[in-house]
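Beneath this line is the structure, given in structure tokens, with notes to follow.
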Amino acid sequence: MQGWFRLEVNGQDTRVEGVDAGLSLGRYLRERGLIPDWVPGLANSGPLVLMADADAGGLLTYRSVDGARLKMPQLAGRSVLTPDFLSQAFPDHPVSKSLARLPCMEATVLGRSNLAALLWEAYYRRDLRAVGQLEEQFDGWISRSADYYSLRAAGLQVLSVAARRRQEAGQMEAHWEEISEAWLVNRFGERFRGLDEIHYVDPAKRRYYRPLTLFECQTLRRQYTEAVTVSGISPGIGDRDCCISLDGVVELRQIVEREEGYWEIGGAAPLTQVAERLAESLPVLSEAIVNQDFRPARNLISMGGFLTSAPSFGGLVPALMALDAIVRLQAVDRSERDVPVSAFLEFPARPEIREGEFIRSVLVPDFSQETIKRRGARRRLCRGYRISRRAAYHPGRIDAVFAVELTDQNIISDAWLAYSGVLDRPGRARRTEQKLEGKPWGEDTIVNALDTLTNDMASRELNRPEMNADYLGQMATTLFQRFFYEHREPRTGWQPLSMTDELLAEKSPFIDTVTGG
398 MQGWFRLEVN GQDTRVEGVD AGLSLGRYLR ERGLIPDWVP GLANSGPLVL
448 MADADAGGLL TYRSVDGARL KMPQLAGRSV LTPDFLSQAF PDHPVSKSLA
498 RLPCMEATVL GRSNLAALLW EAYYRRDLRA VGQLEEQFDG WISRSADYYS
548 LRAAGLQVLS VAARRRQEAG QMEAHWEEIS EAWLVNRFGE RFRGLDEIHY
598 VDPAKRRYYR PLTLFECQTL RRQYTEAVTV SGISPGIGDR DCCISLDGVV
648 ELRQIVEREE GYWEIGGAAP LTQVAERLAE SLPVLSEAIV NQDFRPARNL
698 ISMGGFLTSA PSFGGLVPAL MALDAIVRLQ AVDRSERDVP VSAFLEFPAR
748 PEIREGEFIR SVLVPDFSQE TIKRRGARRR LCRGYRISRR AAYHPGRIDA
798 VFAVELTDQN IISDAWLAYS GVLDRPGRAR RTEQKLEGKP WGEDTIVNAL
848 DTLTNDMASR ELNRPEMNAD YLGQMATTLF QRFFYEHREP RTGWQPLSMT
898 DELLAEKSPF IDTVTGG
């Protein structure tokens with residue numbers, strides 16, 4: 398064990414010695430005058446910084462991360478950059494120029510710094526192509542003191558430059574400008590080289606381990622039976638006497654398409670990487686992740702850490718339920734068992750995870766035509782919906798994800814109706830699903846199932862006791878009716894009932910929208 402570790406701050410190798418295991422990166426940087434001051438609990442988030450990490454393809458990129466949530470031992474061997482440093486060191490960069498032209502996009506010093514971090518990350522995103530993705534980059538963070546229209550204009554301008562330069566380069570990976578060449582490629586190479594192993598003990602004798610293999614992880618877990626297994630920004634880091642991090646185990650950060658017809662998502666894979674990797678194959682899952690939290694948090698939260706926290710709100714759990722996902726758990730003796738997501742979160746505030754187990758991976762069927770055919774169906778319809786008081790992330794929303802599989806005769810062979818924010822925990826309307834199965838996909842079937850759906854919603858304790866139970870039940874049935882009418886004719890595909898997509902021009906590319914090119 399050692400009482401120190403190293404990280405890189407603004408390009409400078411820094412030795413960190415004798416810090417509390419629970420000290421946040423935000424406080425560490427604030428004490429050294431590297432970021433604006435802030436009061437925890439009085440802001441949308443803590444100070445945002447940029448961290449070198451891997452994208453879904455394993456290539457180097459920048460991730461904006463919430464410095465208030467990231468603990469210092471997690472930074473061992475990593476490289477972080479502060480927005481103010483980048484703007485001063487590279488004044489001719491498109492992001493710096495945009496910020497200089499629009500200095501009043503945010504009223505507070507911390508707010509301006511955080512907006513800068515989000516713009517820097519957006520500029521180097523290889524997957525960012527359309528206007529709707531810009532909404533996702535900032536949505537959930539924007540405060541009441543931000544000038545949204547100026548922010549959007551700056552974002553479109555910056556990203557149009559990035560898109561044009563990528564287009565001129567001919568390859569996404571070839572586009573490494575200014576700071577990328579100085580701080581990433583020359584230092585580490587084009588691919589992210591992974592994390593370092595660390596065995597750290599703080600002055601209070603709290604231990605933090607980050608092994609690099611699953612075998613080493615299991616060895617530590619047998620040696621320290623009182624240790625808690627963590628990944629991403631799981632609770633426990635700095636609060637428990639011994640933590641074993643899964644973040645350095647490459648095997649647990651992978652997202653692999655298996656020949657058996659399913660995706661295996663490692664338990665330590667960050668949500669952002671999952672959304673990027675599965676955006677085309679499983680768009681419902683990707684959209685649910687985007688709406689789960691704001692981006693700097695998703696860059697840190699792992700799939701396993703998220704499920705272990707027993708989430709009660711958001712669309713990610715209903716999406717996993719509707720996608721028939723399975724949680725694969727591994728014990729200290731390396732034995733494994735599979736639990737459907739619905740059963741894994743069967744009990745409120747306590748996932749179905751035994752002493753000594755951790756989430757090794759999440760298995761999600763790929764729902765290709767061959768996979769659907771093997772399940773005895775011809776077509777699968779699936780879509781998620783949410784109700785919120787505002788477009789940005791808000792914990793009071795209702796989320797629902799529905800899926801049906803239809804035979805050649807347009808008969809419902811299987812159905813999934815999953816909700817969160819209505820009941821005491823995310824769950825499926827089981828009796829309604831059973832009533833739908835074996836019936837034709839038609840209006841009469843849906844109408845006849847509504848009473849059963851209402852009873853399903855009333856069968857457990859409501860999650861929002863301050864809200865009217867009848868209202869929640871009505872919202873649950875209304876969303877399901879909307880799902881049917883948008884997919885009323887399955888052979889013609891999904892038909893939206895609003896002009897939102899058209900008005901926001903979500904799929905318009907930046908280079909066409911901004912430059913007219």
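My numbering applies: residue 398 is where the sequence shown begins, and numbers increase by one. C-beta: ideal position from N, C-alpha, C; glycine also. These figures come from a predicted structure and were not determined experimentally.
So, helix, strand or coil for F585, using DSSP? One-based indexing of the sequence shown puts residue 585 at position 188. Residue confidence is low: F585 scores 43 on pLDDT, short of 50, so the model does not pin down where it sits. No coordinate-derived value is stated.
>> Taking the alpha carbon of M717 as the reference point, which residue from E677, L814 and I769 has its own alpha carbon closest?
In response: Against the sequence shown, residue 717 aligns to sequence position 320. Going by the sequence as given, residue 717 is Leu instead of Met. Answer by Cα proximity: L814.
Buried or exposed: where does W401 fall if 16 or more other Cβ atoms within 10 Å of its Cβ makes it buried?
Residue 401 sits at position 4 when you count from the first residue of the sequence shown. By the Cβ neighbour-count rule, W401 is exposed, with fewer than 16 other Cβ atoms within 10 Å of its own.
State the beta-bridge partners of Y459 as determined by DSSP.
To locate residue 459, count along the sequence shown from 1; it is residue 62. BP columns for Y459 point to A449.
task = Determine the DSSP secondary structure at V671, reduced to helix, strand or coil.
result = If you number the sequence shown from 1, residue 671 lands on position 274. Helix, per DSSP.
Using the Cα positions of L426 and M700, report the straight-line distance between them to the nearest angstrom. Taking the first residue of the sequence shown as position 1, residue 426 is located at position 29. Taking the first residue of the sequence shown as position 1, residue 700 is located at position 303. Whole-angstrom Cα-Cα distance: 28 Å.
- request: Find the nearest neighbour of V759 within the set R655, G773 and S785, judged by alpha-carbon distance.
  value: In the sequence shown, residue 759 corresponds to position 362, counting from 1. Residue nearest to V759 within the set R655, G773 and S785 is R655 (criterion: CA-CA distance).
| said: Using CA atoms only, rank isn't needed, just tell me which of L682, L833 and P823 is closest to D811. | reply: Counting from one through the sequence shown, the residue named residue 811 turns up at place 414. Nearest Cα to D811 within the set L682, L833 and P823: L833.
In the DSSP assignment, what residue or residues form a beta bridge with D796? By one-based count along the sequence shown, residue 796 stands at place 399. Answer is R783 and S817.
| request: Classify E414 as helix, strand or coil using the three-state DSSP reduction. | output: In the sequence shown, the residue the question calls residue 414 occupies position 17. DSSP places E414 in strand when its eight states are reduced to three.
Checking 9 Å against the spacing of the C-beta atoms, do G664 and G635 come in under that value? In the sequence shown, residue 664 corresponds to position 267, counting from 1. In the sequence shown, residue 635 corresponds to position 238, counting from 1. No Cβ-Cβ contact shorter than 9 Å links G664 with G635.
Note to self: Using only CA atoms, which one of A797, I652 and V555 lies nearest to R780?
What the structure shows: Counting from 1 along the sequence shown, the entry for residue 780 is found at position 383. Among A797, I652 and V555, the Cα nearest to that of R780 belongs to A797.
Which residue from A559, R825, Y546 and V506 puts its Cα closest to that of R526? Taking the sequence shown and counting its residues from 1, one reaches residue 526 at position 129. Closest option to R526, Cα to Cα, is A559.
**Message:** When you compare the CB positions of S706 and Q471, do they come within less than 9 Å of one another, or not?
**Reply:** Counting from one through the sequence shown, the residue named residue 706 turns up at place 309. Counting from one through the sequence shown, the residue named residue 471 turns up at place 74. It is not a contact, given that the beta carbons lie outside the stated cut-off.
Taking 7 Å as the limit between beta carbons, can you name the residues of its chain near E661, skipping five residues before and five after?
Here residue 661 corresponds to residue number 264 of the sequence shown, with the count starting at 1. If we look at E661 and ignore the five residues flanking it on each side, its Cβ neighbours are V653, R655, S758 and L760.
Note to self: Let me make sure I understand the geometry here. Which of G474, K468, W435 and L869 has the alpha-carbon closest to that of D450?
What the structure shows: Counted from its first residue, the sequence shown places residue 450 at position 53. Minimum Cα distance to D450 is reached at G474.
Exercise. Is the CB-CB distance between E767 and Q727 below 9 Å?
Worked result: For the purposes of this step, residue 767 is taken as the residue at position 370 of the sequence shown. For the purposes of this step, residue 727 is taken as the residue at position 330 of the sequence shown. Result no, Cβ atoms of E767 and Q727 do not sit closer than 9 Å.
- In whole angstroms, what is the alpha-carbon distance linking A486 and A800? Position 89 of the sequence shown, counting from 1, holds the residue named residue 486. Position 403 of the sequence shown, counting from 1, holds the residue named residue 800. One C-alpha to the other measures close to 50 Å.
| field | the region 616 to 626 contacting the region 477 to 484, beta-carbon criterion three pairs below 8 Å | value | Judged by Cβ distances under 8 Å, the region 616 to 626 makes no contact with the region 477 to 484, as fewer than three pairs qualify.
So who's on the other strand from Q727, going by DSSP bridges? Counting from 1 along the sequence shown, the entry for residue 727 is found at position 330. Beta-bridge pairing links Q727 to E733 and F755.
- For S557, does the three-state DSSP call read helix, strand or coil? As a working mapping, residue 557 is identified with position 160 in the sequence shown. In the structure shown, S557 sits in a helix (DSSP, three-state: H, G or I).
G443 to F881 span [Cα, whole Å]: Walking along the sequence shown from the start, residue 443 turns up at place 46. Walking along the sequence shown from the start, residue 881 turns up at place 484. Their backbone Cα atoms lie some 41 Å apart in a straight line.
Q: Could you check the C-alpha separation between T458 and Y521 for me, to the nearest Å?
A: As a working note, residue 458 is residue 61 in the sequence shown. As a working note, residue 521 is residue 124 in the sequence shown. The alpha-carbon atoms of T458 and Y521 are separated by roughly 7 Å.
- request: Over the uninterrupted alpha helix (DSSP H) stretch that includes E654, give me the two end residues.
  value: Here residue 654 refers to the residue found at position 257 of the sequence shown. It is not in any alpha helix (DSSP H) - E654 instead sits in the beta strand (DSSP E) that spans I652 to R655.
| Three-state secondary structure (DSSP) at I576? | Taking the first residue of the sequence shown as position 1, residue 576 is located at position 179. The predicted model places I576 with a pLDDT of 48, which falls under 50 and marks its position as unreliable; any figure quoted below should be read in that light. Secondary structure of I576 (DSSP, three-state): helix.
>> Residues in the same chain with beta-carbon distance under 6 Å from A685, minus the five sequence neighbours each way, listed in chain order, please.
In response: Counted from its first residue, the sequence shown places residue 685 at position 288. So the list reads G712, L713, A716 and G781, once near-sequence residues are dropped.
| Closest Cα partner of D853 within the set F877, Q871 and R827 | Your numbering for residue 853 matches position 456 in the sequence shown. When each option's Cα is compared against that of D853, the closest is R827.
Is the Cβ-Cβ distance between L704 and P762 less than 9 Å? One-based indexing of the sequence shown puts residue 704 at position 307. One-based indexing of the sequence shown puts residue 762 at position 365. No, the pair does not count as a contact, with Cβ atoms beyond the cut-off.
- Spatial distance of T505 from D644 (CA atoms): Position 108 of the sequence shown, counting from 1, holds the residue named residue 505. Position 247 of the sequence shown, counting from 1, holds the residue named residue 644. One C-alpha to the other measures close to 34 Å.
Nearest neighbour of A513, chosen from Q534, D524 and D410 [CA to CA]
By one-based count along the sequence shown, residue 513 stands at place 116. Check the Cα spacing between A513 and each of Q534, D524 and D410: the tightest is with Q534.
Practice prompt. Kindly give me the distance between the Cβ atoms of I630 and I698, rounded to whole angstroms, as I take these residues to be in contact under 8 Å.
Written response: As a working note, residue 630 is residue 233 in the sequence shown. As a working note, residue 698 is residue 301 in the sequence shown. About 6 Å separates the two Cβ atoms, so the contact holds.
Legend entry - Counted within 10 angstroms of its Cβ, other Cβ atoms place F612 as buried (16 or more) or exposed: Counting from one through the sequence shown, the residue named residue 612 turns up at place 215. By the 10 Å Cβ count, F612 comes out exposed.
Backbone CA spacing between N845 and K836 [nearest angstrom]: As a first step, residue 845 must be located in the sequence shown, where it is residue number 448. As a first step, residue 836 must be located in the sequence shown, where it is residue number 439. Whole-angstrom Cα-Cα distance: 11 Å.
Checklist line | Per-residue DSSP class, three states only, for S765 | finding: Within the sequence shown, numbered from 1, the residue matching residue 765 stands at position 368. Reduced to three states, the DSSP call for S765 is coil.
If you drop the 5 nearest sequence neighbours on each side, which residues of the same chain put their C-beta closer than 7 Å to that of A672? Along the sequence shown, read from residue 1 onward, the residue named residue 672 stands at position 275. Residues S683, I686 and V687 of the same chain have their beta carbon placed closer than 7 Å to that of A672, with the five preceding and five following residues left out of the count.
- Tell whether a beta-carbon distance below 9 Å holds between L478 and L496. As a working note, residue 478 is residue 81 in the sequence shown. As a working note, residue 496 is residue 99 in the sequence shown. Judged by their CB atoms, L478 and L496 are not nearer to each other than the 9 Å cut-off.
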